[in-house]
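Report on the following structure.
Number of protein chains: 2
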Amino acid sequence: MLDVCLLGCGGMMPLPYRYLTSLMLRYNGNNVLIDCGEGTQVALKKKGWSPKPVGLMLFTHFHADHISGLPGFLLTLGNAERTEPVLMVGPKGLTKVVKSLLIIAPELPFPIRYKELSGDTEFSWEGYRITAFRVQHNITCYGYSINIDRAGKFDAAKAKELNIPLPFWNRLQKGETITDEKGQTFSPDMVIGPPRKGIKVSYATDTRPTNNIIEHASHSDLFICEGMYGEEEKLDKAKENKHTMFLEAAAMAKQAEVGELWLTHFSPSLNNPKEYMAKVREIFPKAEAGKDGKTKELSFEKEE
Amino acid sequence: MLDVCLLGCGGMMPLPYRYLTSLMLRYNGNNVLIDCGEGTQVALKKKGWSPKPVGLMLFTHFHADHISGLPGFLLTLGNAERTEPVLMVGPKGLTKVVKSLLIIAPELPFPIRYKELSGDTEFSWEGYRITAFRVQHNITCYGYSINIDRAGKFDAAKAKELNIPLPFWNRLQKGETITDEKGQTFSPDMVIGPPRKGIKVSYATDTRPTNNIIEHASHSDLFICEGMYGEEEKLDKAKENKHTMFLEAAAMAKQAEVGELWLTHFSPSLNNPKEYMAKVREIFPKAEAGKDGKTKELSFEKEE
Chain R
1 MLDVCLLGCG
11 GMMPLPYRYL
21 TSLMLRYNGN
31 NVLIDCGEGT
41 QVALKKKGWS
51 PKPVGLMLFT
61 HFHADHISGL
71 PGFLLTLGNA
81 ERTEPVLMVG
91 PKGLTKVVKS
101 LLIIAPELPF
111 PIRYKELSGD
121 TEFSWEGYRI
131 TAFRVQHNIT
141 CYGYSINIDR
151 AGKFDAAKAK
161 ELNIPLPFWN
171 RLQKGETITD
181 EKGQTFSPDM
191 VIGPPRKGIK
201 VSYATDTRPT
211 NNIIEHASHS
221 DLFICEGMYG
231 EEEKLDKAKE
241 NKHTMFLEAA
251 AMAKQAEVGE
261 LWLTHFSPSL
271 NNPKEYMAKV
281 REIFPKAEAG
291 KDGKTKELSF
301 EKEE
Chain F
1001 MLDVCLLGCG
1011 GMMPLPYRYL
1021 TSLMLRYNGN
1031 NVLIDCGEGT
1041 QVALKKKGWS
1051 PKPVGLMLFT
1061 HFHADHISGL
1071 PGFLLTLGNA
1081 ERTEPVLMVG
1091 PKGLTKVVKS
1101 LLIIAPELPF
1111 PIRYKELSGD
1121 TEFSWEGYRI
1131 TAFRVQHNIT
1141 CYGYSINIDR
1151 AGKFDAAKAK
1161 ELNIPLPFWN
1171 RLQKGETITD
1181 EKGQTFSPDM
1191 VIGPPRKGIK
1201 VSYATDTRPT
1211 NNIIEHASHS
1221 DLFICEGMYG
1231 EEEKLDKAKE
1241 NKHTMFLEAA
1251 AMAKQAEVGE
1261 LWLTHFSPSL
1271 NNPKEYMAKV
1281 REIFPKAEAG
1291 KDGKTKELSF
1301 EKEE
């Protein structure tokens, strides 16, 4: 249903064995990319997914490790013959930053649209409902929650009982209210149950832990969160540069009651993130260290 | 003496198995980088060479595959604690392009200096003598020749014969003309033989073959030249987009009477450049297909 791929899991600088952190989401032929550091296009090529369906790019902030791959990514998107618009969303200043970078990609076969955030914001795009929320870094930075909503169940027995003509069923399912030629009105709430649990993925980096993250990540199926350092003695460094420790990410995952936690945005000094996962799992058992190309397919819950 | 490393050998876009074309030269603790596409800093890290001694960056032109890695490279140079200036050399417009890209690398601990070329130009930097020469691409583009010159041999027997005092020898060797207290003048030509053969490396991409390239590459020890396509049927494409074919590079190497030819800047469509090397070697036998990390140490000729 919703495919999620952590294309890279590095922070600060790309390494020969670790791409910079970025996330791709695939749903219904329309892809979303969050962050695009140097090498993201290569990570995507390695994964084997096409760049062409990427129509929405979300940026957390404008530090180079989150956006330096943009010109190359857009040129490759152009080479893949995308002509449909690309919407970019990010902190204030987005338009200026992107236009500056486009000096080396001046001709693209698709238009770019910009949406600059000013505070927590919800918007929809191609079947996705997205919430941008402020996090706490040393420059303006946002996290994102991506939701695939699921309508209530259509009650066919009830529709029959109410003698709703068959041709109306599909229209009611899509949320339309219909008045027939006799003046009789049928509304979706007559036959549609309460909204069912959808799919939710949340993403937060680079930041100190905050309540706003916990609130927005609440009950995510998958929470992808910065874990800059595993070594507990690096807490002061994390505080100084506004990053999140492994154990702090675990504590947020627990409070937000998420389904699963993946850590990412590892410091280049951190060779083996797995070493620190035992302690993470003491706080939040369903936690994994991110890895380049780590993928999950998320589906709606099965019903009895 | 002079170490040369072809950090990557790809053109157009970086691939999981091929970095974008760039060249690093190491001489006497001062390094030169030619071109810096997306991923060049990773290729350098993989090679194991430090970025810190890079004080001169030469750009052939401003297509993204030759400069998109610049912001990340400079940030990594800053993290390596470089504080000495970095000189950048490239076509007109260089200052504007670099300053635009620096929007995502606004604070660097070293100053950047700019030298914009207007036509073939010779200049010196830290023991290197460099010639920039125009090539023929669809935007302004330069090739570069890098020379390490070698002075003539000091003739100790002659210095003794002429009764030149010993403390003057070293100064004469360095090119100084000296007048002693008796008014007697000693000049280098009295004891220094004619200049000896130095080391010369030439680099040309992206371009159609031209006489100017052949003249400037003349008698290079190593000529690193674009070979965009090996397949002969792609000649029209090469002509249209102003690139060089494998066989055309070989013909230039032959005419320029270079010591050795390395091909680079392979099209992403070219999976196995080695396949086409037999025909290349029919024209110019000392030819090799470039490879990421391909390295050579060039020394002055041994004397009897």
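Residue numbers (my numbering), protein chains in the order written: chain R, 1 to 304; chain F, 1001 to 1304.
Where is the CB? At the ideal position from N, CA and C, for every residue including glycine.
Residue environment, residue i, which counts as buried when at least 16 other CB atoms sit within 10 Å
i        : result
R1018(F) : buried
F300(R)  : exposed
K1200(F) : buried
L1044(F) : buried
G1227(F) : buried
H265(R)  : buried
L1298(F) : buried
H66(R)   : buried
G1008(F) : buried
E1122(F) : exposed
S267(R)  : buried
D1206(F) : buried
R171(R)  : exposed
G1039(F) : buried
L1162(F) : exposed
A64(R)   : buried
Residues that residue i contacts on chain R, provided the C-beta gap is smaller than 8 Å
i        : result
T1076(F) : M13
Nearest to residue i (by Cα), restricted to the options the options
i        : options                                : result
L1087(F) : N1079(F), N1241(F), A1064(F), S1124(F) : S1124(F)
G1293(F) : G1029(F), V1042(F), M1012(F), N1030(F) : V1042(F)
Y142(R)  : Q184(R), P165(R), N212(R), S220(R)     : N212(R)
V32(R)   : E257(R), E260(R), I146(R), P209(R)     : I146(R)
N138(R)  : G69(R), F62(R), E161(R), P167(R)       : F62(R)
F1059(F) : D1035(F), K1092(F), G1069(F), P1071(F) : D1035(F)
G193(R)  : N163(R), Q184(R), D180(R), D155(R)     : D155(R)
I1112(F) : I1104(F), T1095(F), N1163(F)           : T1095(F)
M57(R)   : A80(R), A132(R), P209(R)               : A132(R)
P1091(F) : T1207(F), E1116(F), T1177(F)           : E1116(F)
A256(R)  : E176(R), E215(R), D120(R)              : E215(R)
V4(R)    : I148(R), K153(R), P188(R)              : I148(R)
Y229(R)  : N163(R), R196(R), L102(R), G10(R)      : G10(R)
K1182(F) : M1190(F), L1075(F), I1164(F)           : I1164(F)
A204(R)  : Q136(R), E176(R), L102(R)              : Q136(R)
P285(R)  : A80(R), E303(R), M24(R), A253(R)       : A253(R)
D1221(F) : I1283(F), S1202(F), P1167(F)           : S1202(F)
T1210(F) : K1242(F), P1188(F), V1258(F)           : K1242(F)
V1258(F) : D1189(F), E1288(F), K1237(F)           : E1288(F)
L6(R)    : C225(R), E233(R), E231(R)              : C225(R)
Distance between residue j and residue i (C-alpha atoms, nearest Å)
i        : j        : result
F223(R)  : L1020(F) : 34 Å
P1051(F) : S1100(F) : 22 Å
W1169(F) : P1053(F) : 32 Å
R134(R)  : G93(R)   : 15 Å
P1085(F) : R26(R)   : 45 Å
N271(R)  : R1150(F) : 45 Å
L1263(F) : K1239(F) : 18 Å
R106(R)  : Y276(R)  : The sequence as given places Pro at residue 106(R); Arg does not occur at that position. For P106(R) and Y276(R), the distance between alpha carbons rounds to 45 Å.
L1070(F) : G1037(F) : 7 Å
H1219(F) : T1185(F) : 37 Å
N30(R)   : P14(R)   : 27 Å
G48(R)   : R1129(F) : 45 Å
R1196(F) : T1179(F) : 27 Å
L1235(F) : M1245(F) : 7 Å
A250(R)  : R281(R)  : 8 Å
K1153(F) : A1217(F) : 26 Å
L75(R)   : F110(R)  : 10 Å
E1248(F) : L1023(F) : 21 Å
K291(R)  : A1278(F) : 41 Å
Within chain F, partners of residue i - CB distance below 7 Å
i      : result
P16(R) : V1042, K1045, K1046
G8(R)  : Simply none; closest approach about 11 Å.
G90(R) : Correct list: empty, because the minimum Cβ distance to chain F is about 12 Å.
Closer than 7 Å at the beta carbon, the chain R residues around residue i
i        : result
F1062(F) : I104
G1069(F) : E38
heavy atom of the ligand ADP below 7 Å from residue i C-beta
i       : result
G175(R) : With respect to small molecules bound, the structure shown includes none, and the ligand ADP cannot be examined in it.
Interface residues of chain F facing residue i [CB-CB closer than 8 Å]
i       : result
E116(R) : Correct list: empty, because the minimum Cβ distance to chain F is about 15 Å.
When Cβ atoms are compared, which residues of the region 97 to 109 of chain R fall closer than 8 Å to chain F?
Within the region 97 to 109 of chain R, those residues whose Cβ lies closer than 8 Å to any Cβ of chain F are, in chain order, V97, S100, L101, I103, I104, A105.
Positions along the region 1286 to 1303 of chain F whose CB lies within less than 7 Å of some CB in chain R:
Going along the region 1286 to 1303 of chain F in chain order, one finds no residue with a Cβ nearer than 7 Å to chain R.
Short-range partners of chain F found in the region 217 to 247 of chain R, where Cβ spacing is below 9 Å
From the region 217 to 247 of chain R, no residue has a Cβ closer than 9 Å to chain F.
Can you pull out the residues from the region 1185 to 1198 of chain F whose beta carbon lies closer than 7 Å to at least one beta carbon of chain R?
So nothing in the stretch comes that close.
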